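Q: Residue numbers for the sequence shown follow the working numbering, beginning at 92 and rising by one. Beta carbons: idealized from backbone N, C-alpha and C, even for Gly. In this text the structure is predicted, and so the values were computed from the model without any measurement.
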Amino acid sequence: IIFGSHPSTMKVFSTILVTAACRSLQSMYQRVLDEVVAFARVSGDDVAMQLGWVSESENFTLVSGTVMDGQARRQVTPEDTWLYGSGTKPVTATAVMRLVEAGVVGLNDTLAEHVDAFLSRENGTTISALFGDAVAQATVGQVARMAAGIPDFEDGDAFDREVLQGGDKEWPVYSFIRTAAKGKPYCDPGKCTAYSSTAYELLGLLLAAHQHPTGAYADLNLAPAGLPDPTRMPSLRFL
92 IIFGSHPSTM KVFSTILVTA ACRSLQSMYQ RVLDEVVAFA RVSGDDVAMQ
142 LGWVSESENF TLVSGTVMDG QARRQVTPED TWLYGSGTKP VTATAVMRLV
192 EAGVVGLNDT LAEHVDAFLS RENGTTISAL FGDAVAQATV GQVARMAAGI
242 PDFEDGDAFD REVLQGGDKE WPVYSFIRTA AKGKPYCDPG KCTAYSSTAY
292 ELLGLLLAAH QHPTGAYADL NLAPAGLPDP TRMPSLRFL
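This is the structure:
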């Protein structure tokens with residue numbers, strides 16, 4: 092597999108980066124990637140990561156790891172198709188908290204009350220129809236903390252592989268949500284904490300519903316939603 096971010100590797104990553112910041116960036120970050128890939132490869136699977144760096148003084152791309160290409164194993168290159176692992180979660184969480192701060196959304200509101208009308212119009216379904224009545228009672232705060240029991244579309248790697256192999260076509264966000272909905276909720280809301288990228292896709296749905304109530308999920312621009320100065324990054328669109 093080509094590897095995105097995950098809590099176990101992110102913990103190692105953050106520790107090593109403290110040291111990396113004080114040394115030659117390109118050579119040290121290459122060492123970071125090599126160490127993280129070695130750490131993540133303990134299961135025996137192929138693991139690969141890419142790091143891109145852009146600043147006023149430097150611009151480089153680094154890769155590390157291997158991937159199966161047909162029946163042969165090879166080193167990855169920057170030209171490979173990569174998963175963009177969890178890069179929008181911090182901005183999404185910030186954007187949700189800005190709505191909370193503005194009094195538009197409450198952390199104890201159910202997510203369903205904010206997204207069901209939008210979801211029904213856009214994709215002909217509701218949170219309850221997708222994930223069951225228990226998840227329909229999950230609060231915005233529980234979803235943001237990944238404590239709502241929402242299954243992850245990355246459980247197993249079949250869907251990831253399908254997306255990577257079909258990287259030249261558009262994959263609507265609802266295909267990810269509906270894939271996750273085929274799984275069983277991990278727990279009732281508030282009864283566990285379980286990593287779920289699907290939870291943050293649903294928070295994106297909340298943002299879209301408030302930013303463009305009569306529009307589409309694809310209209311969501313995270314820059315004005317999540318950044319105090321959106322002119323620093325004029326667009327955070329993904330289609």
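Taking buried to mean at least 16 other C-beta atoms within 10 Å of its own C-beta, is D136 buried or exposed?
A: Exposed: under 16 other Cβ atoms inside 10 Å.
Q: What residues in its chain sit with their C-beta under 6 Å from that of K180, if we drop five residues either side in the sequence?
A: Result list for K180: Y291, in chain order.
Q: Confirm, please, whether the CB-CB distance from V231 to D207 is below 8 Å.
A: No.
Q: Rounded to whole angstroms, what's the CA-CA distance from G274 to T185? Just pull it up for me.
A: Those two C-alpha atoms are separated by around 28 Å.
Q: If you count every other CB in all the chains shown that lies within 10 Å of the CB of G143, and 16 or more means buried, which is it?
A: Exposed, because fewer than 16 other Cβ atoms sit within 10 Å of the Cβ of G143.
Q: Please state whether the Cβ-Cβ distance between H301 and V195 is less than 8 Å.
A: Yes, the Cβ-Cβ distance between H301 and V195 is below 8 Å.
Q: With distances taken Cα to Cα, identify the nearest neighbour of D171 among V187, V145, Q141, Q162.
A: Of the candidates V187, V145, Q141, Q162, the one whose C-alpha sits nearest the C-alpha of D171 is Q141.
Q: Could you compute how far the alpha carbon of A239 sits from the alpha carbon of P315?
A: In a straight line, the C-alpha of A239 is about 27 Å away from that of P315.
Q: Find out if the Cβ-Cβ distance for the pair T284, D243 is shorter than 8 Å.
A: For T284 and D243, no; Cβs fall outside 8 Å.
Q: Leaving out five residues on either side along the sequence, give the residues of the same chain with a beta carbon under 7 Å from the beta carbon of C113.
A: In this prediction, C113 scores a pLDDT of 48, lower than 50, which makes its location untrustworthy; the coordinate-derived value is nonetheless stated afterwards. Excluding sequence neighbours, C113 sits near nothing in its chain.
Q: On the CB-based measure, 16 or more other CB atoms within 10 Å of its CB, does A299 come out buried or exposed?
A: It counts as buried.
Q: Could you spell out where the beta strand (DSSP E) holding S155 opens and where it closes?
A: Per DSSP, S155 belongs to the beta strand (DSSP E) from 150-160.
Q: Which partner residues does Q141 have in the DSSP bridge list?
A: V154.
Q: From S148, L293, D224, pick the residue whose C-alpha is nearest to that of P280; which is it?
A: The candidate whose alpha carbon is nearest that of P280 is D224.
Q: Taking the beta carbon of Y277 as the centre, do at least 16 other beta carbons fall within 10 Å, making it buried, or is it exposed?
A: Under this definition Y277 is a buried residue.
Q: Measuring alpha carbon to alpha carbon, tell me which residue in L153, L313, Y286, G156 is nearest G295.
A: Closest option to G295, Cα to Cα, is L313.
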